[in-house]
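Asker:
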Amino acid sequence: MAVRRPTYPATNWLFTLVIIGWGGVIGSTITVLLAGALLWNLVELSRGRLALDLEFEVRLVAAAFAAYFAALTMAELVNYSHPRSLVKIVEYLPFLGFSLFYASLCKCRREDIAAAVQWGAVSGSLATFIFAAFEVVYLGDYRASGGAGNSGPFASISALLYCLCVITAARRHGWTQALAIAAAGCAAGALLLSGMRGLWPVILIGPMIAVFTRSRNHAPSVSFRAMIAGVILIAGMVALSYDRVSQRVMEVAHDHERITQYSDYQNSIGQRLLIWEAGLDLWSDKPLIGHGSNNIPALMAERVLQLTGTEVGYSHFHNFIVTAAVQSGLIGVVAMLAMILVPLWLAMRRQRDEAANFGFAMLLSIHATFVTSGMSNIMLNHDIMDTLFIFGSATANFLIFRRSESGNLSQPLSKK
6 MAVRRPTYPA TNWLFTLVII GWGGVIGSTI TVLLAGALLW NLVELSRGRL ALDLEFEVRL
66 VAAAFAAYFA ALTMAELVNY SHPRSLVKIV EYLPFLGFSL FYASLCKCRR EDIAAAVQWG
126 AVSGSLATFI FAAFEVVYLG DYRASGGAGN SGPFASISAL LYCLCVITAA RRHGWTQALA
186 IAAAGCAAGA LLLSGMRGLW PVILIGPMIA VFTRSRNHAP SVSFRAMIAG VILIAGMVAL
246 SYDRVSQRVM EVAHDHERIT QYSDYQNSIG QRLLIWEAGL DLWSDKPLIG HGSNNIPALM
306 AERVLQLTGT EVGYSHFHNF IVTAAVQSGL IGVVAMLAMI LVPLWLAMRR QRDEAANFGF
366 AMLLSIHATF VTSGMSNIML NHDIMDTLFI FGSATANFLI FRRSESGNLS QPLSKK
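Right, here's the structure in full:
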């Protein structure tokens, strides 16, 4: 009996589910999977089995991603001091793969990919919360970091999953809606257990996105009941995490008092203010191209010590604008903002059906999560964050802009 080869729809469905939903559990494995997909898509493109049949809007978005890659690469080459710069350029290559990921998704139906995102978010949220609770309750960790091994990316994953579960609940009915609401509560719980208070506003932003993008074809009573149930469930998660949440909130007040009354910057908020000041000063040295990535920790420590006499040690500036400005200058900042604003502007101008409307809600969820994270922590240039941003953006743009399937949807991945 012959074994059937997997088809593009089946493979892309599973791939989308894992990349979007399970980064909090399997960590950098999603980066390995994305790199493998990039290489495979290149092979398929060379064989003529993958066509870059891109809509005009998608070409503009792909150009923004390519411009960001170009800005990062130029900064590394101009500031070359070590072979690590060449390694960093290789790490940036997935930004050029946006078009390939989009083209691969075009082998599938948009409704199927939307379902993969939804089920990935629901299943991933449940697993992510279990992982976080195990770390905090059983292992006694102060902050949950999950399979990501870092509470920052883990919190970003949890925040995005939360938003996706909320917009899924607003579009489902019956037991699947109840499951999505429960999953949203689990994602919110994982976010709280991460201790990354800078991302906690996403808990309020998620329902706003769901209401803003809600389809008129769904009954208001169902959506409002879903939102009310979600608020109750999230309130329960907050109650369970009260001690941890209240401690993190009190730390903000304590840091503010130390800064304003005693000029003591040796705390979380104070050190951010110091490195932001140093970052803006470094930007003024090379405003157009920046300093590249390899020199950032040493330059930061040196400049903070020079300006304030204080020693700090971070790998980035805990603000996405400052980090991009120091790393790749004004060119990098403009290119990074283009990756956010160009697809958002194009999507708002597009007439959207139900699948596209979900894609728009997904795009807003991605942008809200990454920008909120980047305001006080990291946004990009971390393998997990880059993977989620690139493939998540490709998926959302596919749902928004694609109007017809291309190719044979039952075509196997390779010929005999």
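Residues in the sequence shown are numbered consecutively from 6, following the working numbering.
Ideal Cβ placement from N, Cα and C applies to all residues, glycine included.
Could you check the C-alpha separation between Phe103 and Val207 for me, to the nearest Å?
Answerer: Start at 1 with the first residue of the sequence shown, and residue 103 comes out as number 98. Start at 1 with the first residue of the sequence shown, and residue 207 comes out as number 202. Computed Cα separation, rounded: 26 Å.
Asker: State yes or no: is the C-beta of Met384 within less than 8 Å of the C-beta of Phe375?
Answerer: The residue you call residue 384 lines up with position 379 of the sequence shown. The residue you call residue 375 lines up with position 370 of the sequence shown. The answer is yes: Cβ separation under 8 Å.
Asker: Should Gln271 be labelled buried (16 or more other beta-carbon atoms within 10 Å of its own) or exposed?
Answerer: Your numbering for residue 271 matches position 266 in the sequence shown. Gln271 is exposed by the Cβ-count criterion.
Asker: Spell out a yes or no on whether the segment 48-60 and the segment 116-124 are touching, meaning 3 or more CB-CB pairs, one atom from each, closer than 8 Å.
Answerer: No contact exists between the segment 48-60 and the segment 116-124.
Asker: In chain order, what residues of the same chain have a beta carbon less than 8 Å from the beta carbon of Pro225, not counting five sequence neighbours either side?
Answerer: The residue you call residue 225 lines up with position 220 of the sequence shown. A caution first: Pro225 carries a pLDDT of 40, below 50, which makes its placement in the model unreliable, though a value can still be read off. Here the set comprises nothing.
Asker: Where does Thr315 fall in DSSP's three states?
Answerer: Numbered from 1 along the sequence shown, position 310 holds the residue referred to as residue 315. Three-state DSSP puts Thr315 in coil, outside helix and strand.
Asker: Indicate whether Arg455 and Ser381 have their beta-carbon atoms separated by less than 8 Å.
Answerer: Nothing can be reported for residue 455, as the shown portion of the chain is limited to 6 through 421.
Asker: Between the C-alpha atoms of Lys93 and Glu81, what's the straight-line distance to the nearest angstrom?
Answerer: What you label residue 93 is simply residue 88 of the sequence shown in a count that begins at 1. What you label residue 81 is simply residue 76 of the sequence shown in a count that begins at 1. Approximately 8 Å, taken between the alpha carbons.
Asker: Can you grab the Cα-Cα spacing for the pair Arg408 / Asp146, in whole Å?
Answerer: Along the sequence shown, read from residue 1 onward, the residue named residue 408 stands at position 403. Along the sequence shown, read from residue 1 onward, the residue named residue 146 stands at position 141. Looking at the two C-alpha atoms, the distance is approximately 47 Å.
Asker: May I have the straight-line CA-CA distance separating Tyr97 from Gly179, to the nearest angstrom?
Answerer: As a working note, residue 97 is residue 92 in the sequence shown. As a working note, residue 179 is residue 174 in the sequence shown. When rounded, the distance between both Cα atoms is 43 Å.
Asker: With distances taken between CB atoms, is the gap from Phe406 to Ile371 smaller than 8 Å?
Answerer: Numbered from its first residue, the sequence shown carries residue 406 at position 401. Numbered from its first residue, the sequence shown carries residue 371 at position 366. No. Outside cutoff.
Asker: Output yes or no for whether 8 Å exceeds the beta carbon distance between Leu131 and Ser163.
Answerer: For the purposes of this step, residue 131 is identified with residue 126 of the sequence shown, where counting begins at 1. For the purposes of this step, residue 163 is identified with residue 158 of the sequence shown, where counting begins at 1. Result no, Cβ atoms of Leu131 and Ser163 do not sit closer than 8 Å.
Asker: Got a sec? Which residues, its chain only, sit under 7 Å from Val227 by beta carbon, not counting five neighbours each side?
Answerer: What you label residue 227 is simply residue 222 of the sequence shown in a count that begins at 1. Low confidence applies to Val227: its pLDDT is 49, below 50, so where it sits in the model is not reliable enough to give any reading.
Asker: Do the CB positions of Ala5 and Cys170 come within less than 8 Å of each other?
Answerer: Residue 5 falls outside the range modelled here, since the chain spans only 6 to 421, and no answer is possible.
Asker: Can you say whether Glu140 is buried or exposed, counting buried as having 16 or more other CB atoms within 10 angstroms of its CB?
Answerer: As a first step, residue 140 must be located in the sequence shown, where it is residue number 135. So Glu140 counts as buried.
Asker: In the DSSP assignment, find the alpha helix (DSSP H) that holds Cys168 and state where it starts and stops.
Answerer: Position 163 of the sequence shown, counting from 1, holds the residue named residue 168. From DSSP, the alpha helix (DSSP H) with Cys168 extends over 156-174.
Asker: Quick one: complete alpha helix (DSSP H) runs, 4+ long, within the segment 7-77?
Answerer: Fully enclosed alpha helix (DSSP H) runs of 4 or longer: 13-26, 28-31, 34-51.
Asker: Which residue comes first and which comes last in the alpha helix (DSSP H) that contains Gly179?
Answerer: Against the sequence shown, residue 179 aligns to sequence position 174. Where Gly179 is concerned, the enclosing alpha helix (DSSP H) stretches over 179-199.
Asker: Just mark Met213 as buried or exposed, buried being the case when its beta carbon has 16 or more other beta carbons within 10 Å.
Answerer: The residue you call residue 213 lines up with position 208 of the sequence shown. Classification for Met213: exposed.
Asker: Apply the 10 Å Cβ neighbour rule to Phe217 and answer buried if 16 or more other Cβ atoms are within range, or exposed otherwise.
Answerer: If you number the sequence shown from 1, residue 217 lands on position 212. Phe217 comes out exposed.
Asker: Return the first residue and the last residue of the alpha helix (DSSP H) that Ser273 is part of.
Answerer: Within the sequence shown, residue 273 is the residue found at index 268, counting from 1. Run containing Ser273: 273-290, per the alpha helix (DSSP H) assignment.
Asker: Under 8 Å between the Cβ atoms of Pro292 and Tyr319?
Answerer: In the sequence shown, counting from the first residue as 1, residue 292 sits at position 287. In the sequence shown, counting from the first residue as 1, residue 319 sits at position 314. No.
Asker: Rounded to a whole number of angstroms, what is the C-alpha to C-alpha distance between Thr34 and Asp388?
Answerer: In the sequence shown, the residue the question calls residue 34 occupies position 29. In the sequence shown, the residue the question calls residue 388 occupies position 383. Using only the alpha carbons, I get a separation of about 10 Å.
Asker: Report all residues from its chain with a CB closer than 7 Å to the CB of Met344; omit the five preceding and five following residues, and keep chain order.
Answerer: For this step, residue 344 is matched to residue 339 along the sequence shown. Ala69, Phe70, Tyr73, listed in sequence order.
Asker: For Ala401, count the other beta carbons within 10 Å of its own beta carbon; 16 or more makes it buried, fewer makes it exposed. Which is it?
Answerer: Start at 1 with the first residue of the sequence shown, and residue 401 comes out as number 396. Buried: at least 16 other Cβ atoms inside 10 Å.
Asker: I believe Thr328 touches Thr36 by the beta-carbon criterion, under 8 Å. Please report the beta-carbon distance rounded to the nearest angstrom.
Answerer: On the sequence shown, position 323 is the one that residue 328 refers to. On the sequence shown, position 31 is the one that residue 36 refers to. Not quite, the Cβ-Cβ distance comes to about 19 Å (not below 8 Å), so this is no contact.
Asker: Of the residues Cys111, Ala283, Leu165, which one's Cα is nearest the Cα of Asn17?
Answerer: By 1-based counting over the sequence shown, the position of residue 17 is 12. Looking at the Cα atoms, Cys111 is the closest of the given residues.
Asker: Rounded to whole angstroms, what's the CA-CA distance from Asp286 to Thr173? Just pull it up for me.
Answerer: As a first step, residue 286 is located in the sequence shown; it is residue number 281 there, counting from the start. As a first step, residue 173 is located in the sequence shown; it is residue number 168 there, counting from the start. So the alpha carbons of these two residues sit roughly 44 Å apart.
Asker: Thinking Ala360 and Arg115 are a contact (beta carbons under 8 Å), I'd like their distance in whole angstroms, please.
Answerer: Reading the sequence shown from its first residue, position 355 is the one you call residue 360. Reading the sequence shown from its first residue, position 110 is the one you call residue 115. Between Arg115 and Ala360 the Cβ distance is about 4 Å, and since that is below 8 Å, they are a contact.
Asker: What number of angstroms, rounded off, separates the C-alpha of Ala76 from the C-alpha of Thr12?
Answerer: Mapped onto the sequence shown, residue 76 falls at position 71. Mapped onto the sequence shown, residue 12 falls at position 7. Distance between the alpha carbons of Ala76 and Thr12 is about 37 Å.
Asker: Rounded to whole angstroms, what is the Cα-Cα separation between Gln311 and Phe20?
Answerer: As a first step, residue 311 is located in the sequence shown; it is residue number 306 there, counting from the start. As a first step, residue 20 is located in the sequence shown; it is residue number 15 there, counting from the start. Each residue's alpha carbon lies about 48 Å from the other.
Asker: Roughly how many angstroms lie between the CA atoms of Gln356 and Ser273, to the nearest whole one?
Answerer: Along the sequence shown, one-based indexing puts residue 356 at 351. Along the sequence shown, one-based indexing puts residue 273 at 268. Each residue's alpha carbon lies about 45 Å from the other.
Asker: Can you check whether the CB of Gly129 is closer than 8 Å to the CB of Gly29?
Answerer: In the sequence shown, the residue the question calls residue 29 occupies position 24. In the sequence shown, the residue the question calls residue 129 occupies position 124. Closer than 8 Å, so yes.
Asker: Is the beta carbon of Gly295 sitting closer than 8 Å to the one on Val331?
Answerer: Taking the first residue of the sequence shown as 1, we reach residue 295 at position 290. Taking the first residue of the sequence shown as 1, we reach residue 331 at position 326. Yes, the Cβ-Cβ distance between Gly295 and Val331 is below 8 Å.
Asker: Pick from Leu165, Gly379, Gly154: whose alpha carbon is nearest that of Ile31?
Answerer: Here the question's residue 31 lines up with position 26 in the sequence shown. Looking at the Cα atoms, Gly154 is the closest of the given residues.
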